[in-house]
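Whatever position you read off the sequence shown (first residue = 1), add 99 for the numbering used here.
Every residue gets a Cβ at the ideal spot worked out from N, C-alpha and C, and that includes glycine.
Only a predicted model underlies this, so the values are computations on that prediction, with no experimental measurement involved.
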Amino acid sequence: MGYQIGLKGLFTRFLRTKSRDAGISKPIHFKILEGERMQPRLKILSDPELLKIDQASRALLKEVGTYVPHEESLEIFHQAGANVDPKTKVVKIGDRLINQTLSMCSSCVRLYDRKSDEPLLIGGDRVYFGTVGIATNVLDFKTNEYRQVVCEDLKDIIRLSDVLEPPDFILVPGTPTDVPSAIVDVIETKFLLMNTRKHFIAEAQNRENTKKNIAMAVEIAGSLEALQKKPFFSTLVCLTSPLTLREDATELIIESVQLGLPLFIESGPMCGGTSPATLASTLVMANAELLSSFVLAKAVNPEVPLIYASWARILDMRAATCSHGGPEFPLLRMATTQLGKYYGLPSGGGGILADTKSIDVQLGMEKLGTGLLPALAETNMVVGMGLFADENAISLETLIIDYEITGWIRRVMAGIEVSDATTDLAPFIEVGAGGSDFVSLKHTRDNFRKEMYIPTIMDRGFLALDKDPETRTMRKRAREYFGKVMGTYSPPELPDDIESRLDAIINR
Numbered sequence: 100m101g102y103q104i105g106l107k108g109l110f111t112r113f114l115r116t117k118s119r120d121a122g123i124s125k126p127i128h129f130k131i132l133e134g135e136r137m138q139p140r141l142k143i144l145s146d147p148e149l150l151k152i153d154q155a156s157r158a159l160l161k162e163v164g165t166y167v168p169h170e171e172s173l174e175i176f177h178q179a180g181a182n183v184d185p186k187t188k189v190v191k192i193g194d195r196l197i198n199q200t201l202s203m204c205s206s207c208v209r210l211y212d213r214k215s216d217e218p219l220l221i222g223g224d225r226v227y228f229g230t231v232g233i234a235t236n237v238l239d240f241k242t243n244e245y246r247q248v249v250c251e252d253l254k255d256i257i258r259l260s261d262v263l264e265p266p267d268f269i270l271v272p273g274t275p276t277d278v279p280s281a282i283v284d285v286i287e288t289k290f291l292l293m294n295t296r297k298h299f300i301a302e303a304q305n306r307e308n309t310k311k312n313i314a315m316a317v318e319i320a321g322s323l324e325a326l327q328k329k330p331f332f333s334t335l336v337c338l339t340s341p342l343t344l345r346e347d348a349t350e351l352i353i354e355s356v357q358l359g360l361p362l363f364i365e366s367g368p369m370c371g372g373t374s375p376a377t378l379a380s381t382l383v384m385a386n387a388e389l390l391s392s393f394v395l396a397k398a399v400n401p402e403v404p405l406i407y408a409s410w411a412r413i414l415d416m417r418a419a420t421c422s423h424g425g426p427e428f429p430l431l432r433m434a435t436t437q438l439g440k441y442y443g444l445p446s447g448g449g450g451i452l453a454d455t456k457s458i459d460v461q462l463g464m465e466k467l468g469t470g471l472l473p474a475l476a477e478t479n480m481v482v483g484m485g486l487f488a489d490e491n492a493i494s495l496e497t498l499i500i501d502y503e504i505t506g507w508i509r510r511v512m513a514g515i516e517v518s519d520a521t522t523d524l525a526p527f528i529e530v531g532a533g534g535s536d537f538v539s540l541k542h543t544r545d546n547f548r549k550e551m552y553i554p555t556i557m558d559r560g561f562l563a564l565d566k567d568p569e570t571r572t573m574r575k576r577a578r579e580y581f582g583k584v585m586g587t588y589s590p591p592e593l594p595d596d597i598e599s600r601l602d603a604i605i606n607r
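See the structure below:
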């Protein structure tokens with residue numbers, strides 16, 4: 100106890116020697132440096148295993164094929180050289196067409212925002228974190244009770260996503276239930292356009308709503324050419340397992356790629372449910388589904404930017420639910436990322452997710468595990484911030500906790516810099532053998548922020564025995580931080596009549 104008090108006093112004196120940061124405290128962004136520096140990275144599959152999965156996926160597409168209940172898409176596949184059965188609507192794809200498609204894919208996709216000319220470079224060893232949607236429930240910030248998501252909830256979480264860094268991009272973080280289901284996707288896009296400057300991934304239910312999303316984005320960009328030059332949004336395509344390219348998904352692909360706008364295409368089979376009960380077979384099928392969708396997209400437009408993404412998970416045989424927080428989820432993400440790298444494709448997929456229904460210890464455990472492992476595998480776009488309860492709920496506090504978790508992950512990814520500067524003997528010489536401490540050195544003041552992750556809401560303070568532990572929970576600290584950080588939000592600068600113009604597009 101005496102040592103702890105002495106250390107506290109020592110740090111108090113040290114902090115008085117430097118000016119304190121003004122405004123909102125934010126974690127340092129640790130950069131992933133290029134060159135010979137060693138940084139922690141993980142691979143889950145060997146080269147022979149990657150080859151085996153690739154060969155099995157190709158055999159699956161050649162011998163079993165994929166079901167495509169859409170006449171226009173069947174004709175596109177036929178013209179591209181696939182074997183199309185017009186009666187069964189099954190498309191079989193050979194090696195030549197797969198290889199031709201992969202040769203047209205870029206290893207790096209540029210995703211722009213509306214606040215700078217610097218794009219997110221999706222590919223290589225770069226890792227970005229983003230939110231994700233789907234949920235129709237919210238854990239209410241004020242009442243601590245679950246209720247259905249409404250439009251104001253979506254606006255709140257978009258605005259919070261805009262001020263936090265990360266998320267680096269925003270995938271629609273919630274599904275409002277107080278608007279007609281036929282237009283909920285375009286309402287979501289409108290809110291994203293009006294409340295964030297960041298790159299976002301939009302959803303669309305069909306071709307008509309895809310057109311509306313694009314038309315609204317053109318209103319913001321000023322012209323279609325400007326949007327095509329610097330696309331500040333991309334579109335989510337969710338594939339159906341087993342081995343199905345739905346009509347709405349194919350229409351969405353065709354409409355977007357005709358204009359050269361980027362697609363985030365993901366396959367999400369459930370191991371033991373909509374795919375065989377082995378992880379390897381699930382990988383084989385997910386890969387086959389993604390390859391078939393890439394063939395369709397590149398047959399329409401060879402230049403369209405595509406991101407190879409995965410939401411593969413397991414069916415929990417005891418609970419009869421999908422598990423997103425278990426160890427299999429990040430294992431499948433790591434393996435799919437390796438497959439993407441094997442083909443030279445930018446990768447994406449789920450992470451920072453949890454099955455728990457409460458903001459509790461399980462949430463932290465699951466979110467760190469499902470976020471850290473894909474990041475160490477270099478999944479380029481990890482999506483899941485703000486989402487929990489097995490994809491069924493979002494909350495403002497969870498998004499802030501995830502913001503902290505991603506900062507922690509980035510510090511791990513940065514590794515340890517070993518150089519002449521970081522191993523310099525000068526501080527040892529200054530303190531000397533048997534010296535007191537290094538806390539008060541200028542060397543410490545110059546380096547501690549570069550080397551040490553300084554959290555925003557994690558509790559690293561001294562134990563106060565006279566305080567109720569419940570007053571020091573992470574959720575409480577997240578709620579307090581929300582009040583501070585939202586004071587820094589400012590909406591995008593838009594024309595006064597922009598909302599009426601967007602509404603006119605939605606209602607036409």
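Are the beta-carbon atoms of residue i and residue j separated by less than 8 Å?
| i | j | result |
| --- | --- | --- |
| Ile300 | Glu490 | no |
| Ile605 | Lys311 | yes |
| Ile493 | Gly470 | no |
| Leu438 | Asn386 | yes |
| Lys188 | Pro168 | yes |
| Ser392 | Leu338 | yes |
| Leu292 | Val231 | no |
| Glu350 | Ser366 | no |
| Gly424 | Glu465 | yes |
| Tyr502 | Leu263 | yes |
| Cys421 | Leu414 | yes |
| Ala419 | Leu405 | no |
| Leu220 | Cys207 | yes |
| Pro139 | Met512 | yes |
| Pro275 | Met484 | no |
| Ile286 | Leu360 | no |
| Asp611 | Arg157 | What the structure shows of the chain is the stretch from 100 to 607, and residue 611 is not part of that stretch, so it cannot be assessed. |
| Leu210 | Phe268 | yes |
Let me check one thing: in DSSP terms, what residues is residue i bridge-paired to?
| i | result |
| --- | --- |
| Thr309 | Thr309 pairs with nothing; no bridge assigned. |
| Asp415 | Thr420 |
| Asn365 | At residue 365 the sequence reads Glu, which differs from the Asn that was named. Beta-bridge pairing links Glu365 to Cys337 and Ala408. |
| Ser374 | Cys370 |
| Asp184 | Val189 |
| Ser446 | Tyr407 |
| Phe332 | Phe299 |
| Thr165 | Val190 |
| Phe268 | Gly229 |
| Gln247 | Asn236 |
Can you tell me where the beta strand (DSSP E) with residue i in it begins and where it stops?
| i | result |
| --- | --- |
| Cys421 | Thr420 to Ser422 |
| Thr200 | Looking at the DSSP string, Thr200 is not in any beta strand (DSSP E); the run it does join, the alpha helix (DSSP H), is Asp194 to Ser202. |
| Ile500 | Element bounds for Ile500: not the beta strand (DSSP E) but the alpha helix (DSSP H), Leu495 to Ala513. |
| Phe228 | Tyr227 to Thr230 |
| Ile352 | Ile352 -> not in any beta strand (DSSP E); alpha helix (DSSP H) instead, spanning Glu346 to Gln357. |
| Tyr580 | Premise fails: Tyr580 lies in the alpha helix (DSSP H), Met573 to Val584, not in any beta strand (DSSP E). |
| Glu173 | The sequence given here places Leu at residue 173; Glu does not occur at that position. Run containing Leu173: none in the beta strand (DSSP E); it sits in the alpha helix (DSSP H), Glu170 to Ala179. |
Between residue i and residue j, which are expected to be in contact by the criterion C-beta below 8 Å, what is the C-beta distance as a whole number of angstroms?
| i | j | result |
| --- | --- | --- |
| Lys289 | Met315 | 6 Å |
| Pro272 | Ser260 | 6 Å |
| Val356 | Val403 | 4 Å |
| Ile353 | Val399 | 6 Å |
| Met585 | Ile500 | Met585 to Ile500, Cβ: 16 Å. No contact. |
| Leu362 | Ser340 | With 8 Å as the limit, Leu362 and Ser340 do not qualify as a contact, their Cβ atoms being about 18 Å apart. |
| Leu196 | Val394 | 6 Å |
| Phe487 | Thr478 | That belief does not hold up - the Cβ atoms of Phe487 and Thr478 are roughly 19 Å apart, past 8 Å. |
| Leu144 | Ala434 | 5 Å |
| Tyr588 | Thr555 | That belief does not hold up - the Cβ atoms of Tyr588 and Thr555 are roughly 16 Å apart, past 8 Å. |
| Val249 | Asp277 | 4 Å |
| Leu540 | Glu550 | With 8 Å as the limit, Leu540 and Glu550 do not qualify as a contact, their Cβ atoms being about 13 Å apart. |
| Leu472 | Pro429 | 4 Å |
What residue range does the alpha helix (DSSP H) around residue i cover?
| i | result |
| --- | --- |
| Ser409 | Counting along the chain, Ser409 falls outside any alpha helix (DSSP H), though it belongs to the beta strand (DSSP E) covering Leu405 to Ser409. |
| Val530 | Ala525 to Val530 |
| Lys151 | Asp146 to Glu162 |
| Asp252 | Cys250 to Val262 |
| Met464 | Val460 to Leu475 |
| Arg600 | Ile597 to Asn606 |
| Gln138 | Note, Gln138: premise wrong, no alpha helix (DSSP H); not H, not E. |
| Asn294 | Val283 to Asn294 |
Within the present structure, is the beta-carbon of residue i separated from the nearest heavy atom of the ligand MN by less than 7 Å?
| i | result |
| --- | --- |
| Pro279 | Absence of the ligand MN is noted for the structure shown, with no ligands found whatsoever. |
Original post:
Would you call the region 246–262 and the region 507–515 touching, i.e. three or more CB-CB distances under 8 Å?
Top reply: no
Subject >> Touch test, the region 172–188 against the region 360–380, Cβ-Cβ under 8 Å, three pairs minimum >> reply: no
Original post:
Are three or more beta carbon pairs between the region 339–351 and the region 225–232 nearer than 8 Å?
Top reply: no
Subject >> Three CB pairs or more closer than 8 Å across the region 234–244 and the region 197–205 >> reply: Segment contact: the region 234–244 against the region 197–205, fewer than three CB-CB distances shorter than 8 Å; contact not assigned.
**OP:** Indicate whether the contact test is met: 3 or more Cβ pairs, each with one atom in the region 402–422 and one in the region 441–458, closer than 8 Å.
**Re:** yes
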